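Protein chains: 2
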Amino acid sequence: MSRDIVISIDAMGGDTGPSAVVGGMVKSARKNNEIRYIVHGDEAVLRPLIEKRRELIDITEIRHADDVIPMTEKPSHAMRHGKNSSMWATLQTVEKGDAAAAVSCGNTGALMAISMLRLRKAPGVDRPAIAVLWPNKGGDAPHNIVLDVGADIKAEAKDLVQYAIMGAVYARQGLELARPKVGLLNVGTEDHKGRAALQEAARALEELAKDPEAKIEFVGFVEGSDMASEDVDVIVTDGFTGNVALKTAEGTAQQIRGFLREAMEHTIFSRIGALFALTSLRRLQKRLDPRRVNGGVFLGLNGAVVKSHGSADATGVSAAIKLAFRLAKSGFTESVTKRVAEHATKAQSESES
Amino acid sequence: MSRDIVISIDAMGGDTGPSAVVGGMVKSARKNNEIRYIVHGDEAVLRPLIEKRRELIDITEIRHADDVIPMTEKPSHAMRHGKNSSMWATLQTVEKGDAAAAVSCGNTGALMAISMLRLRKAPGVDRPAIAVLWPNKGGDAPHNIVLDVGADIKAEAKDLVQYAIMGAVYARQGLELARPKVGLLNVGTEDHKGRAALQEAARALEELAKDPEAKIEFVGFVEGSDMASEDVDVIVTDGFTGNVALKTAEGTAQQIRGFLREAMEHTIFSRIGALFALTSLRRLQKRLDPRRVNGGVFLGLNGAVVKSHGSADATGVSAAIKLAFRLAKSGFTESVTKRVAEHATKAQSESES
Numbered sequence: 001m002s003r004d005i006v007i008s009i010d011a012m013g014g015d016t017g018p019s020a021v022v023g024g025m026v027k028s029a030r031k032n033n034e035i036r037y038i039v040h041g042d043e044a045v046l047r048p049l050i051e052k053r054r055e056l057i058d059i060t061e062i063r064h065a066d067d068v069i070p071m072t073e074k075p076s077h078a079m080r081h082g083k084n085s086s087m088w089a090t091l092q093t094v095e096k097g098d099a100a101a102a103v104s105c106g107n108t109g110a111l112m113a114i115s116m117l118r119l120r121k122a123p124g125v126d127r128p129a130i131a132v133l134w135p136n137k138g139g140d141a142p143h144n145i146v147l148d149v150g151a152d153i154k155a156e157a158k159d160l161v162q163y164a165i166m167g168a169v170y171a172r173q174g175l176e177l178a179r180p181k182v183g184l185l186n187v188g189t190e191d192h193k194g195r196a197a198l199q200e201a202a203r204a205l206e207e208l209a210k211d212p213e214a215k216i217e218f219v220g221f222v223e224g225s226d227m228a229s230e231d232v233d234v235i236v237t238d239g240f241t242g243n244v245a246l247k248t249a250e251g252t253a254q255q256i257r258g259f260l261r262e263a264m265e266h267t268i269f270s271r272i273g274a275l276f277a278l279t280s281l282r283r284l285q286k287r288l289d290p291r292r293v294n295g296g297v298f299l300g301l302n303g304a305v306v307k308s309h310g311s312a313d314a315t316g317v318s319a320a321i322k323l324a325f326r327l328a329k330s331g332f333t334e335s336v337t338k339r340v341a342e343h344a345t346k347a348q349s350e351s352e353s
Numbered sequence: 354m355s356r357d358i359v360i361s362i363d364a365m366g367g368d369t370g371p372s373a374v375v376g377g378m379v380k381s382a383r384k385n386n387e388i389r390y391i392v393h394g395d396e397a398v399l400r401p402l403i404e405k406r407r408e409l410i411d412i413t414e415i416r417h418a419d420d421v422i423p424m425t426e427k428p429s430h431a432m433r434h435g436k437n438s439s440m441w442a443t444l445q446t447v448e449k450g451d452a453a454a455a456v457s458c459g460n461t462g463a464l465m466a467i468s469m470l471r472l473r474k475a476p477g478v479d480r481p482a483i484a485v486l487w488p489n490k491g492g493d494a495p496h497n498i499v500l501d502v503g504a505d506i507k508a509e510a511k512d513l514v515q516y517a518i519m520g521a522v523y524a525r526q527g528l529e530l531a532r533p534k535v536g537l538l539n540v541g542t543e544d545h546k547g548r549a550a551l552q553e554a555a556r557a558l559e560e561l562a563k564d565p566e567a568k569i570e571f572v573g574f575v576e577g578s579d580m581a582s583e584d585v586d587v588i589v590t591d592g593f594t595g596n597v598a599l600k601t602a603e604g605t606a607q608q609i610r611g612f613l614r615e616a617m618e619h620t621i622f623s624r625i626g627a628l629f630a631l632t633s634l635r636r637l638q639k640r641l642d643p644r645r646v647n648g649g650v651f652l653g654l655n656g657a658v659v660k661s662h663g664s665a666d667a668t669g670v671s672a673a674i675k676l677a678f679r680l681a682k683s684g685f686t687e688s689v690t691k692r693v694a695e696h697a698t699k700a701q702s703e704s705e706s
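Quick mapping for you: the protein sequence lines, in order, are chains A and B.
Here the first sequence is numbered in my numbering, starting from 1 and rising by one per residue.
Here the second sequence is numbered in my numbering, starting from 354 and rising by one per residue.
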C-alpha cells in the first residue's frame with residue numbers, strides 16, 4: 001500500500017516539546033503504513049530527532065519555521081504576529097492541499113484563531129467547535145462525543161444546533177453510529193430548566209430529529225452526570241461549560257488515581273493484594289488514561305485540525321495523529337460541511353415558507 | 354449538655370423517601386447530644402417510623418404537612434401552590450425562629466425559591482448561592498468550597514464577588530482557614546481568558562484582597578482541573594457552570610468505581626488481590642463516596658438552609674444534618690450577612706469618593 005495520506009504536524013509549542021511529538025510520530029508510523037508526515041518547527045532541533053528514527057526518515061518532510069507560539073500568547077497576537085510560526089505553517093500546508101489534516105499540541109486559542117484565518121469557517125458556520133471523545137460506560141461505541149469544549153466561550157441557540165449537526169456527523173463517520181443520540185447539556189433534565197438559548201435549541205433539535213434524513217435522535221436535556229452515559233452519544237454545550245466539564249473530569253480521574261495508589265500502598269496486605277491484582281490494576285490505569293482518548297477535533301472549518309492535549313506525551317500525540325489520519329481518510333470535513341450547508345438551506349426555506 | 358440546637362427537617366420530597374431521612378436523623382442523634390428535631394411531612398407515615406427509633410422519640414417533634422413538592426415541579430409553581438407542603442413548613446419554622454437551620458432533600462429550585470420567599474435575601478445580596486464541599490488532594494482543610502452550584506443559572510461580576518465573600522466566610526468558620534485562597538473558575542489561568550464578567554470580578558477581587566480586613570487571598574483564575582487543588586480553598590463560578598462541574602465530577606467518580614469493580618473481578622488473581630486489599634479498597638470507596646460530603650449550603654439568605662442530595666440515603670442525610678448543626682451553632686448566617694453588608698457599604702463609599 002502506498003503512503004498517500006499526508007498529515008501536517010506542528011512539532012513545537014506543546015508543554016512537552018518536540019521529542020514527545022517525534023515519539024508520537026514514530027508510534028503511529030509503526031502501526032500505519034498509509035501515513036506520511038510534513039513536520040514544522042526548528043530544523044536544527046527536529047532534524048537530529050528525526051534522522052535517528054528509521055521509521056521516520058523516508059516518510060517525513062521537515063519544513064523549517066523560525067517561531068513558536070507560546071502557550072500563554074493571546075490568539076489575537078498570534079494572528080497578527082504568528083506568520084513565521086510552526087503552527088501557521090502547519091495549517092497553511094493543509095490550506096494549500098499539501099496535507100489532508102493538521103495536528104498541533106500548541107496553544108488552543110491561537111490554533112483556533114489561525115485555523116479560522118487560514119482554513120476559514122465552513123459555509124453557514126458562525127462558531128466552529130472543538131469536539132472530544134469521552135470514555136463511556138458501555139454504549140454502542142466506546143466513547144461519547146462532547147462539544148464545544150473551548151473553541152468559543154459562548155454559544156447561541158443556532159450555534160448549539162450546528163454543534164449537534166456537526167457532532168452527529170462525527171458520531172456517524174467516526175464512531176459508526178447510524179443514528180446518534182444527541183443531548184443538550186443542562187442543569188436538569190426537566191423541560192423548563194436552563195438558559196433561554198438551551199430552550200430554543202431544544203425546540204429546534206426536536207424539530208430536526210423528526211426528519212429521518214437528519215439521522216439524529218434527540219434525547220433532550222442531559223446533566224453533567226450523564227457525560228459517560230450509554231443513553232447519549234453526542235453531548236452539546238457551549239465552549240465555556242464544556243471546557244470546565246472536561247477539565248473537571250480529568251482532574252477527578254487524576255485525583256482518584258492518586259487515592260487508589262495511596263490505598264494500595266497503605267498496608268502490607270494491600271501491597272500483596274496489589275501484586276496479585278497487578279494486571280487488572282494496569283488495565284484500569286489504561287482505561288483511565290486521558291492520553292489514550294487524546295485529540296480534540298475542530299469542527300466547522302474547511303479542513304481537518306486535531307488539537308492534541310498541551311501536555312501530551314508520545315502516546316497522546318500518537319492518538320491525535322491516528323485521529324487526524326482517520327478523519328482525512330474518511331472525507332470527514334467534507335461531510336460536516338455538506339450537512340451544515342444542507343441544514344442551513346432547509347432552515348432558510350422553512351423560514352420563508 | 355442540654356439539647357438546644359433545633360434543626361427543622363423536610364422528611365418528604367427526596368428520591369429515597371422519608372425512611373432514609375429518618376435513618377439519617379437517627380445516625381446524627383447517636384453522635385450528637387446537643388441536637389433536637391422538628392420534622393415535617395405526612396404524620397401517618399412519619400409517626401410510625403419515628404416511634405420505633407428510641408433515639409428520636411424524646412428529641413423529635415412531628416409537624417404534619419399535607420403536601421409534598423415533587424422533584425419535577427417548577428419553582429414558580431411551588432411558590433404559588435406550596436403553602437401546605439412539608440418544604441414550606443420546614444422553612445417557615447426557621448423563619449419564625451423555632452429552629453436554627455433547615456434541611457431538605459427535595460427539589461432544589463423549589464427549595465431555593467421558597468427559601469427566598471420565607472427567609473428573604475440578606476441585605477445587599479442579589480443572588481444567593483449554593484456552596485458544596487469538594488474533597489481535595491491534601492490542602493489545609495480536607496475540602497475545597499465550590500459555589501454557586503445551581504442556585505441561579507447566571508451571575509454577573511458583582512454576584513461573583515459576593516460569592517467569593519460568602520464562600521470565604523464559610524471557609525473561615527466552617528473549615529477554620531484564617532485567610533482562605535479564593536479562585537475564579539475559568540477556561541484558562543491566563544489573565545486575558547474568559548467572559549467579561551470574569552475579567553471584571555477578577556479586578557474587583559484583586560482590589561478586595563489588598564485589604565487585610567477582608568481576610569481573603571485572591572489566587573486568580575483556576576480551571577476545572579483545579580477543583581481539588583490544594584492551591585485554592587474557595588472556587589467561585591456561576592450556578593450553571595458549577596452545577597455541570599459538580600455533576601460531571603460525581604459521574605466520573607461513579608464511572609471509575611464501576612471500572613475498579615470490574616477490574617478487581619476480572620481474573621482469579623485480581624479477586625485474590627482484592628481480598629487482601631479489602632480494607633484499603635473500602636477506605637478508597639469511603640473517600641470517593643459523594644454522600645459523605647453531602648449537603649449544599651444556601652448562602653446569602655436570612656437563615657441557614659442545607660440542601661441534601663435528592664438521592665441521599667441515611668448516611669447522606671446525616672452528613673447534611675451535621676452540617677446544618679455546625680452552621681447553626683457557629684452563627685454562620687449572621688457572619689455572612691455582616692460581611693456582605695460591610696463590603697457593600699465599602700464599595701458604595703469607594704464609588705462615591
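In this text, a Cβ means the ideal position worked out from N, Cα and C, and glycines have one as well.
Since the model is a prediction, treat every value here as computed from it, not as a measurement.
Item to check | Per-residue DSSP class, three states only, for R644(B) | outcome: Numbered from its first residue, the second sequence carries residue 644(B) at position 291. The pLDDT assigned to R644(B) is 47, lower than 50, so where the model puts this residue is not dependable; a value taken from the coordinates is nonetheless given after this. Helix, per DSSP.
Checklist entry - In the structure shown, what three-state DSSP assignment does L133(A) receive? => result In the first sequence, counting from the first residue as 1, residue 133(A) sits at position 133. L133(A) falls in the strand class under three-state DSSP.
Checklist entry - Which residues in the same chain have their Cβ closer than 7 Å to the Cβ of E265(A), if we skip the five residues on either side of it in sequence? => result Mapped onto the first sequence, residue 265(A) falls at position 265. The residues are R271.
Item to check | Per-residue DSSP class, three states only, for S457(B) | outcome: Here residue 457(B) refers to the residue found at position 104 of the second sequence. Strand, per DSSP.
Checklist entry - Taking any Cβ of chain A, which residues in the segment 599-611 of chain B have a Cβ under 7 Å from it, in chain order? => result L599, K600, T601, A602, E603, G604, T605, A606, Q608, I609 and G611
Checklist entry - Should R291(A) be labelled buried (16 or more other beta-carbon atoms within 10 Å of its own) or exposed? => result Within the first sequence, numbered from 1, the residue matching residue 291(A) stands at position 291. Low per-residue confidence applies at R291(A): pLDDT is 47, beneath 50, and the placement is therefore not dependable, though the value from the model is reported in the following sentence. R291(A) should be labelled buried.
Item to check | Where the segment 558-581 of chain B meets chain A: residues whose CB sits under 8 Å from a CB there | outcome: E576, G577, S578, D579, M580 and A581
Checklist entry - Counting along the chain, where does the beta strand (DSSP E) carrying E217(A) start and finish? => result For the purposes of this step, residue 217(A) is taken as the residue at position 217 of the first sequence. Taken as a continuous stretch (DSSP letters only), the beta strand (DSSP E) holding E217(A) covers E217 to V222.
Checklist entry - How about G663(B) and T461(B): do their beta carbons lie closer than 9 Å? => result Position 310 of the second sequence, counted from the start, is the residue given in the question as residue 663(B). Position 108 of the second sequence, counted from the start, is the residue given in the question as residue 461(B). Cβ atoms of G663(B) and T461(B): closer than 9 Å.
Item to check | Beta carbon proximity, H662(B) to chain A, threshold 9 Å | outcome: Numbered from its first residue, the second sequence carries residue 662(B) at position 309. No, no contact with chain A.
Item to check | Three or more C-beta pairs below 8 Å linking the segment 502-517 of chain B and the segment 587-602 of chain B | outcome: yes
Checklist entry - T345(A) to I506(B), Cα distance in whole Å? => result Looking up residue 345(A) in the first sequence gives position 345. Looking up residue 506(B) in the second sequence gives position 153. Straight-line Cα distance between these residues: approximately 33 Å.
Checklist entry - For M71(A) versus A113(A), is the C-beta spacing smaller than 9 Å? => result As a working note, residue 71(A) is residue 71 in the first sequence. As a working note, residue 113(A) is residue 113 in the first sequence. No, Cβ-Cβ distance for M71(A) and A113(A) is not below 9 Å.
Item to check | I483(B) versus L464(B): straight-line alpha-carbon distance, rounded | outcome: Here residue 483(B) refers to the residue found at position 130 when the second sequence is read from its first residue. Here residue 464(B) refers to the residue found at position 111 when the second sequence is read from its first residue. Taking the straight line from one Cα to the other gives about 11 Å.
Item to check | Within the segment 509-597 of chain B, ranges of the beta strand (DSSP E) (whole runs, at least 3 residues) | outcome: 534-538, 570-575 and 587-589
Checklist entry - Could you give the distance in angstroms between the alpha-carbon of E583(B) and the alpha-carbon of M116(A)? => result The sequence position of residue 583(B) within the second sequence is 230, counting from 1. The sequence position of residue 116(A) within the first sequence is 116, counting from 1. So the two alpha carbons sit approximately 37 Å from each other.
Checklist entry - Alpha carbon to alpha carbon, what distance is there between L260(A) and S381(B)? => result In the second sequence, the residue the question calls residue 381(B) occupies position 28. In the first sequence, the residue the question calls residue 260(A) occupies position 260. Distance between the alpha carbons of S381(B) and L260(A) is about 29 Å.
Item to check | A581(B) to I5(A) span [Cα, whole Å] | outcome: As a working note, residue 581(B) is residue 228 in the second sequence. As a working note, residue 5(A) is residue 5 in the first sequence. Between A581(B) and I5(A), the C-alpha separation is close to 42 Å.
Item to check | Interface partners of F370(A) on chain B, CB under 8 Å | outcome: In the structure as shown, chain A starts at 1 and stops at 353, and residue 370(A) therefore has no counterpart that could be examined.
Next on the checklist: Can you check which of these residues, P401(B), S439(B) and E570(B), is closest to S361(B) by C-alpha distance?
Outcome noted: For this step, residue 361(B) is matched to residue 8 along the second sequence. The option with the nearest alpha carbon to S361(B) is S439(B).
Checklist entry - Exposed or buried, V392(B), counting other C-beta atoms within 10 Å across all chains shown (16 or more means buried)? => result By one-based count along the second sequence, residue 392(B) stands at place 39. V392(B) should be labelled buried.
Checklist entry - Given that A102(A) touches chain B, what residues does it touch there, using C-beta distances under 8 Å? => result Along the first sequence, read from residue 1 onward, the residue named residue 102(A) stands at position 102. Ordered by position in chain B, no residue passes the 8 Å Cβ test against A102(A), which lies about 22 Å from the chain.
Next on the checklist: Just to confirm my understanding: we take S704(B), look at its own chain, exclude 5 residues before and 5 after, and list those with CB closer than 6 Å. What are they?
Outcome noted: Stepping through the second sequence from its first residue, residue 704(B) is reached at position 351. Within the same chain, S704(B) has no close Cβ partners at all.
Next on the checklist: Per the DSSP calculation, H143(A) is bridged to which residue(s)?
Outcome noted: Counted from its first residue, the first sequence places residue 143(A) at position 143. H143(A) pairs with P135(A).
Checklist entry - How about A576(B) and T542(B): do their beta carbons lie closer than 9 Å? => result Position 223 of the second sequence holds residue 576(B). Position 189 of the second sequence holds residue 542(B). Checking the sequence shown, residue 576(B) turns out to be Glu, not Ala. Yes; because the gap between Cβ atoms is below 9 Å, this pair is in contact.
Next on the checklist: Determine, for P123(A), whether the minimum Cβ-Cβ distance to residues of chain B falls below 9 Å.
Outcome noted: Start at 1 with the first residue of the first sequence, and residue 123(A) comes out as number 123. Not one chain B Cβ lies under 9 Å of P123(A).
Checklist entry - Between G303(A) and L198(A), what straight-line distance do the alpha-carbon atoms span, to the nearest angstrom? => result In the first sequence, the residue the question calls residue 303(A) occupies position 303. In the first sequence, the residue the question calls residue 198(A) occupies position 198. Whole-angstrom Cα-Cα distance: 28 Å.
Checklist entry - Taking A455(B) as the reference, which of A531(B), T369(B) and K682(B) has the closest Cα? => result For the purposes of this step, residue 455(B) is identified with residue 102 of the second sequence, where counting begins at 1. Here the closest residue by C-alpha is K682(B).
Checklist entry - According to the neighbour-count rule (16 or more other Cβ atoms, all chains shown, within 10 Å of its Cβ), is R47(A) buried or exposed? => result Your numbering for residue 47(A) matches position 47 in the first sequence. With fewer than 16 Cβ atoms within 10 Å of its Cβ, R47(A) is classed as exposed.
Checklist entry - Which residues of chain A have a Cβ atom closer than 7 Å to the Cβ of E543(B), listed in chain order? => result What you label residue 543(B) is simply residue 190 of the second sequence in a count that begins at 1. What E543(B) touches in chain A: T72.
Next on the checklist: When you compare the CB of K181(A) with every CB in chain B, is at least one pair closer than 9 Å?
Outcome noted: The residue you call residue 181(A) lines up with position 181 of the first sequence. It does not: the Cβ of K181(A) has no partner Cβ on chain B nearer than 9 Å.
Checklist entry - If you measure from the beta carbon of K490(B) to each beta carbon in chain A, is any gap under 9 Å? => result One-based indexing of the second sequence puts residue 490(B) at position 137. With 9 Å as the cut-off, K490(B) counts as an interface residue toward chain A.
Item to check | Contact set between G150(A) and chain B, taken where Cβ atoms lie within less than 8 Å | outcome: Counting from 1 along the first sequence, the entry for residue 150(A) is found at position 150. In chain order: V540.
Checklist entry - From which residue to which residue does the beta strand (DSSP E) around V39(A) run? => result Sequence index remark: in the first sequence, residue 39(A) carries index 39 (1-based). Element bounds for V39(A): I35 to G41.
Checklist entry - Anyone know if the C-beta pair for A418(B) and M378(B) falls short of 9 Å? => result The residue labelled residue 418(B) in the question sits at position 65 within the second sequence. The residue labelled residue 378(B) in the question sits at position 25 within the second sequence. No, the Cβ-Cβ distance between A418(B) and M378(B) is not below 9 Å.
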